[in-house]
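Reminder that position 134 of the sequence shown reads as 122 in the numbering used here, one-by-one numbering, no gaps.
The C-beta atom is built at its ideal place from N, Cα and C for all residues, glycine as well.
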Amino acid sequence: MSSKAPDTPTVTTLMVTSPLSKPLLPKPIWAKLGQRLNVAGMLSFLAVILRDQEMALPHLRAQDLRWVNWAELKRQGFEGVVLDKDNTLTAPYSFSLWPGLGSSLDQCKSVFKGKVALFSNSSGLLEYDSDGSEAKALEKLLGVHVIRHGTKKPAGTAEEIEKYFNCEASQLVMVGDRYFTDVVFGNRNGFLTILTQPLSLAEEPLVVKQVRKLEAALVSSWYQKGLQPRKHSRLSDESCCVQDPAS
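Given below as C-alpha cells:
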C-alpha cells in the first residue's frame, strides 16, 4: 500500500521594498503581524499603569529631531544617541528618511562623532529581521548603524547598546515617539529620554493608533496629578536642549 505525503503548507509572504521599489527581502505574514503584536509590551503596559507610572514620562519633549539641540546635549556630558526608526526617522515601515530631517541627523552624527545608532522594534529585531537584511539596507541608506537585538522594547536590557557604544546607558540619549516602548525602555535602563511627535499616522494599523491615544491620555492624567519624570544625573539644564528650529 502506497502512502501519500502530507500536503506542504503554503506560506503567504509580503514584500518589503526600498524607496527605489526594489525588493529587499520577502517577509512571512506572521513576521509583519508579530511586529504589531508586542506581548512583552502589553505586560509592561500593565506594570507601568499599576506601579511604574513615572517610567512613561520622558525627560524632554520635541516636535521632531529638528528641535533637539545636539550640541547642548553633548556639552552636558552625553556621549551618543540611540534613535527609534518608525515615526521617528521614517514613516512606518518606510526606508526613506522623513523629508526635512536630513540636516538634523547629519548634525547629530557630526556632534557625536558618529556615535549614533538605531534601535528599532522592526529593522534589526531578530524576530522580524532574522538575517539582518533590513538593518543592512537602512545602514546603507541612512549612514547610521542599526543595532541587532532579540527582545522588543520596552522589555530587555541595554546590553547590546552599551556594547556597541562602549559606555553606560546613562551616558546616552534615547529618542523615540512612543511613551510605553521608547520612553519606558529608556528610563528603565538609565538613558536620557526624548519623546518626539509621530511623523505620520497614515500607515499605522488602527490598533496602534488606539493604543497611542490611550498612552497619551494616561500620561496626560499623570501629569495633571503632579507626577514628574525622574531626574537624570547628567541633565543639568533642560531649557536649552530643545529649541524651535525657526528661532
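Exposure label - residue i; buried when at least 16 CB within 10 Å
i, result
"S118", "exposed"
"C229", "buried"
"A125", "buried"
"T145", "exposed"
"V172", "buried"
"E42", "exposed"
"V199", "buried"
"E226", "exposed"
"M244", "A query on residue 244 cannot be resolved here, the shown segment of the chain reaching from -11 to 235 and no further."
"P142", "buried"
"S98", "exposed"
"R218", "exposed"
"D170", "buried"
"S248", "An answer regarding residue 248 cannot be provided, because it is not within the stretch -11 to 235 covered by the chain."
"K140", "buried"
"R176", "buried"
"L38", "exposed"
"L194", "exposed"
Integer-rounded CB distance, given that residue j should sit under 8 angstroms from residue i
i, j, result
"E150", "E156", "6 angstroms"
"S224", "Q64", "6 angstroms"
"F66", "L180", "6 angstroms"
"K62", "F100", "6 angstroms"
"V36", "M162", "Not really, about 16 angstroms apart at Cβ, beyond 8 angstroms."
"R54", "S92", "5 angstroms"
"E127", "Y167", "So it is not a contact: roughly 28 angstroms between Cβ atoms."
Cβ neighbours of residue i in the same chain (closer than 6 angstroms, five flanking residues each side left out)
i, result
"P186", "N75, D165"
"E122", "S111"
"C96", "W58, V69, V104"
"A19", "Residue confidence for A19 is low, a pLDDT of 42 falling below 50, so the modelled location carries little weight; the figure read from the coordinates is stated next. The residues are Y116."
"P80", "D74, E191, E192"
"Q51", "Q185"
"S208", "none"
"G178", "A157, S158"
"E60", "C228, C229"
"Q231", "N57"
"G174", "M162, T181"
"A205", "none"
Short CB-CB distance (under 8 angstroms) between residue i and chain B
i, result
"R166", "Judged by its chain identifiers, the structure shown contains no chain B, having just a single protein chain."
Nonlocal neighbours in the same chain, by C-beta distance under 7 angstroms from residue i, ignoring five residues either side
i, result
"L189", "K197"
"L8", "At L8, the pLDDT of 34 sits below 50, so the modelled position is not reliable; the number obtained from the coordinates is stated separately. Answer for L8: no residue qualifies."
"P233", "R54, W55"
"T78", "S84, L85, W86"
"F33", "F168"
8 angstroms CB neighbourhood of residue i in its chain, flanking five on each side removed
i, result
"Q159", "G65, F66, E67, G68, F153, R222"
"L21", "Low confidence applies here, because L21 scores a pLDDT of 44, under 50, leaving its location unreliable and the question unanswered by this model."
"S(-10)", "Its pLDDT being 44, under 50, S(-10) is placed unreliably in this model, and the value from its coordinates should be taken loosely. Nothing meets the Cβ criterion."
- Query: Does the region 100 to 115 touch the region 207 to 217, meaning 3 or more C-beta pairs lie closer than 8 angstroms?
  - Reply: no
- Message: Does the region 40 to 48 come into contact with the region 75 to 90, if we say contact requires no fewer than three beta-carbon pairs (one atom in each stretch) closer than 8 angstroms?
- Response: no
- Task: Could you say if the region 132 to 144 and the region 100 to 107 meet the contact criterion of at least three C-beta pairs nearer than 8 angstroms?
- Result: yes
- Task: With a floor of 3 residues, list each beta strand (DSSP E) that falls wholly inside the region 164 to 210, ordered by position along the chain.
- Result: 180 to 184
- Message: List, from N- to C-terminal side, the alpha helix (DSSP H) runs of 4 residues or more that fit wholly inside the region 100 to 140.
- Response: With a minimum length of 4 residues, the continuous alpha helix (DSSP H) runs that stay inside the region 100 to 140 are 121 to 130.
- Message: Give the list of continuous alpha helix (DSSP H) stretches no shorter than 4 residues that lie fully inside the region 46 to 97.
- Response: 58 to 63
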